[in-house]
Structure formats: C-alpha cells, structure tokens
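This report refers to the structure that appears directly beneath it.
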Amino acid sequence: MSEVEVPDADLITGRSTDQIKRSHRAADRLQRDLLDGLLSDRLLLGSLAEIRERYSLGHGTCREAVGILELRGVCKLRLGRGGGLMAVLPRLDDLARLTLLHLYVKRSTTHELIEARQIIYLSALHHVFEQERQSKAVDGTGAGPACDRAQEGWHGPSAYSDWLADCTGNRAFRFAIQFIEVLCDIHLELAKEHPPEMPARNIQREAGALQRVMSCRNLQTAREALVDYLHLTQRISPDEAIRGSSLLYNWHSTKTGRSARHLAMRLIEDVFVFPVEEGGDLGSEFEIGARHNANATIVRQAIRLLEDLAIAIPRRGRGGGIDVRSPDVSSIVGLVPHILGQEQLKLSECFEAAGMLDVEIARAAAARAGKGVKGKMREHGNSRTPTLAQLISLEQSIADLSGNSVLAACERGFLMYACTIEPVAGAEAPPSAMVKRVLSMIRDVEKCVAAGDVLGAEAAALRKHRLMALRFLPARGSRSEIEGLSGLSIVSARERQLAGIGADVKGRP
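For what it's worth, my numbering labels the leading residue of the sequence shown as 25, then goes sequentially.
What follows is the structure, given as structure tokens:
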C-alpha cells in the first residue's frame, strides 16, 4: 500500500511556508481531524491534555492552536467532565461574512461580487451542456432531461438558481450558487441597502424565456441569455465599496474569543486606514495592549486572527512589531470543507465544479486581456520529478487569472475538501509525461489569454479539464486511458474499483 500524503493547508492555499507558525500548523492538523470527526459523526476530539500528548504539543502552542480554531469558528472548548475540543457546524453565512471581511480589508468593490456571480452561473450552465455532449458521445441521444422539465411557477428570484443547480446534478455547483447569493444578500444587509426586487411575474417571464433558450441546445445563445438575466436580477450597485466594519463584532464567540475579535476588528480598522496595502506597522504586542487596554492573552489571540486572515505578520527581533501585508484567501479556503462536509459531497462533484470554473475564468480573463487588462499566472517549475505541490499549483494556476477572491476560494476550497477526505498517494510519483501534457495545456491557456482569444482560451481550458477527467472521473475514459494516468489520482477507492484500477489508496469513510 502506498504511503498517504495529506497536503498541508499552505500547499493548497499557496501561502508561503515561512509565514506559517507552529501554532497555525497545529491548528491545521487539528482542523483536519475535526473535519474527519464531522464526516464520521465523532464531534469530540479529546481533552487538551489528550491533544497535547497526541500531537506532541507544548502547553502554549496547544492553547494558541485551540484559540485559532475557536476564532475560525470550527470548534468550541467544552469544560467540565466529559468535555474537550468539539467540532461545530459553521453555516454558509459564516463563510460569507469571513469572505466579505477579506474583501473589505483587500479594498475590493462590488465588481468582484458581480463578476463572481456571473462566472459561477456560467460555469454551471456550461457544465449542463458538457453533460449533454458526453451523453451524446456515449449513447448518441444528447438528451438533457433535467433541463427539459418545465419549472412549475418561478416563485422568487431564487427559483431559477435552484432549477439551474438541479440541472447540473452536482451539489458543488449548488454550494457555489448559494454561496454567491448569500454573499450578495449579506453585503446588502451590511450596506443597509434595500433595492426593489423584480416583480414575480417578470421573474417568471425572464426565467421561462431563458429555459426555452437552453432547450435549443445552443451554448453561446444560452450564455448571452443568462448574462442578460443576471443583469436584470442584479440587486447590487456596481463599483461600490465593500462594507465590513461591523463583521467581526457580530460574530458569536466565547469570553476571550469575543474580546480578541473586538480587538482584531479595531486593528483591522487601523489597517484599513493605511494609505498603502503593505508596509504599515501596528507596533509590538506590548504597544498594542497598552494602546487598547488589553491583556497579553487577548492581544496574542487577536494577532493570531490577523495572521490567520493573512492581514499581518509578526516581525521578530530588535525593533520588531506587527507588519501589515496583503490578505489572501487561506482562512476562507480552510472553512469551505466544513461546509461541504455537512453535505457529504463526492470528490467527482468537486472536481467537475472546479474544472468548469477554470474554463469560465479563462474565458473572462481572455475577454479582459482583449480590452487591455492582463491577468497574472504563477510560475511553474520545470522539475524532472513532478511533485504533488506542482500538480496542485497547475490546477490552481488558471484561477489566478481572475484575481477574484470569491472564485479562488471556491476552487481551492473544493481541492482542500477533496484532499482532506481522500488523501493523495504521495509515494507514487505522477508520470512525467502526463505532467508535461498538463503543463503544456496550461501554457496554451496562457497564450490564448494573453492574445485575448476567448474561444481559444475556453478550448484550451476544456482540453485540460477533459484530460484530467479521465483520472478524476474514470468512467468517462477507456481502461487503457485510465491506467495510463494512474499517478494523477484524487479519486475514491470505490470509484477506482469501478474503473478496474487496483485501489492502492485507502479511502476514508
């Protein structure tokens, strides 16, 4: 049996390893085990003494790790006999508030929410047509029964959203659609805006017309109709600032956690007023405590929250302090698996959704490049011995083109969930020829995007997605094709057996 490698959070999120402290690494390990318990109905991880012994942690590191998890909202510490560290069930609005906080500190505008909403819906639509193409290739019918069923009455603006999610047959798309809608609703709530909704009769007419366009089996026409529909049902004003000044205050926490959140929010407001995104200095922990009348424990937990949000990083040594930096989506990505785990999603669902998001992101990036706005992709190494890190980097590189935190969080959150519930076989190196093919396809996407070739970028991203689907979704490829891709597996043991592949990776229940 191959050795199983469980990717660290920083590997998937792209956070630099030198920015990850011991307490955060311990928190990531504990969070992974909390998620395992959530998936198997074992919500109690053990007492602090048991955790320290099991993970070989010092008292201070263990306390900091538990405090970080409490601030993330994925656990609570139950005191008394029978107590210990317990997993809690975060909700979709918790994830949305964390995302809006990130957008607030990033100084984003509502354009990012509007763009993410359009790309998520378009990726779901594209997946529906991709399913029809695969059905035609298998049995020659090309029938789309889910989308041919008429919706009886479109009651409210969410009716079409629910219907489109049902058409995909994929719960990961349902999560992404619900996530972006909740994001928009909470933004309106925080901004204290109450725009009028479309009359139910108009919604029914527009959604019905869009459904009829989809039944004509023309993807480009359906795309145009969907963009028009999203524009009509959009309630957010374009290019407005994200309102996030009250987000942390409204979250429930325990005593110390609540005080730490309040202090963190005041520090975030200090960060927000800096004229530049990076280079600011919040001062030392002692100076922060004196300035805000907080004890060392509360200051330390508040700083850990800022580190977890990638807003600040401590500077050690003489003249040290807390430096301000550009935020990343690591904390958002870490919370996504706890939402998906409650739905018991399959790996294949996560892969399909992430792949189609890549396709639509590539299209949008090419369209922007045609207007003079260039996206930026990360550098890919030319290592002769491909690693898990390189493959993950390849899968994420297209999402980097968007510069959109919501889309990046969805795509990387799917991967985090997949790698958590079904670890990759790390001892079996992926075949070099396959990695070179994937890398070549990624570069094809880059070239098409740079040239502003929308159709070329879409085609290149689709080729990469279909190639990877031979491994993630083995039922779509021949046995010889599947066996040739045996090193690229993030696929359940049951799916491997159905595909006729030896299950050398032990799947988790």
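Even for Gly, the Cβ is constructed at its ideal location relative to N, Cα and C.
Asked: D332 beta carbon less than 8 Å from that of I92; Found: yes
Asked: Environment of S239 [buried if 16+ CB atoms lie within 10 Å]; Found: exposed
Asked: Whole-angstrom distance between D117 and K460, CA atom to CA atom; Found: 40 Å
Asked: For G82, three-class secondary structure by DSSP; Found: coil
Asked: Proximity of V383 and S159 at Cβ, strictly below 8 Å; Found: no
Asked: The segment 81 to 91 / the segment 115 to 134 touching (three or more Cβ pairs under 8 Å); Found: no
Asked: Opposing strand residues paired with R102 [DSSP bridges]; Found: G108
Asked: Whole-Å CB distance - P361 paired with G307, under 8 Å assumed; Found: The Cβ separation is near 35 Å, so there is no contact.
Asked: DSSP bridge partner residues for P338 (one or two, in chain order); Found: I346
Asked: L59 beta carbon less than 8 Å from that of L69; Found: no
Asked: Whole-angstrom C-beta distance between I422 and V469, which should lie under 8 Å; Found: 6 Å
Asked: Exposure of L371, with buried meaning 16 or more beta-carbon neighbours within 10 Å; Found: buried
Asked: Reduced DSSP secondary structure (H/G/I, E/B, other) of D263; Found: coil
Asked: Spatial neighbours of I204 in its chain, beta-carbon cut-off 6 Å, leaving aside the 5 residues before and after; Found: A140, R141 and I144
Asked: Residues that DSSP places opposite T321 in a beta bridge; Found: None; T321 has no bridge partner.
Asked: Rounded Cβ spacing between D352 and A334 (contact assumed at less than 8 Å); Found: 4 Å
Asked: Of the residues R236, S429, P114 and N194, the one placed nearest S354, counting alpha carbons only; Found: S429
Asked: N-terminal and C-terminal residue of the alpha helix (DSSP H) that G437 is part of; Found: S429 to I445
Asked: L119 versus C443 - alpha carbon distance; Found: 20 Å
Asked: Cβ-Cβ distance between L67 and F153 below 8 Å; Found: no
Asked: Assigned secondary structure, E77 (DSSP; H/G/I helix, E/B strand, else coil); Found: helix
Asked: Rounded straight-line distance, which links the Cα of S132 to that of E221; Found: 25 Å
Asked: Reduced DSSP category for G70 - H, G, I as helix; E, B as strand; rest coil; Found: strand
Asked: Beta-carbon gap between A391 and A485 smaller than 8 Å; Found: no
Asked: Where the alpha helix (DSSP H) through A377 begins and ends; Found: L371 to G394
Asked: Alpha-carbon to alpha-carbon, E482 and A393; Found: 14 Å
Asked: Alpha-carbon spacing of S283 relative to R102, whole angstroms; Found: 19 Å
Asked: D118 (DSSP reduced to helix, strand or coil); Found: helix
Asked: For D305, three-class secondary structure by DSSP; Found: strand
Asked: Cut-off 6 Å between Cβ atoms - residues of its own chain near A174, not counting five sequence neighbours on either side; Found: Annotation note: pLDDT 49 at A174 (below 50); position unreliable, coordinate value reported separately. Contacts found: none.
Asked: Alpha-carbon to alpha-carbon, G480 and V129; Found: 35 Å
Asked: Candidates V98, L188 and H489, of which the one nearest P114 by Cα; Found: V98
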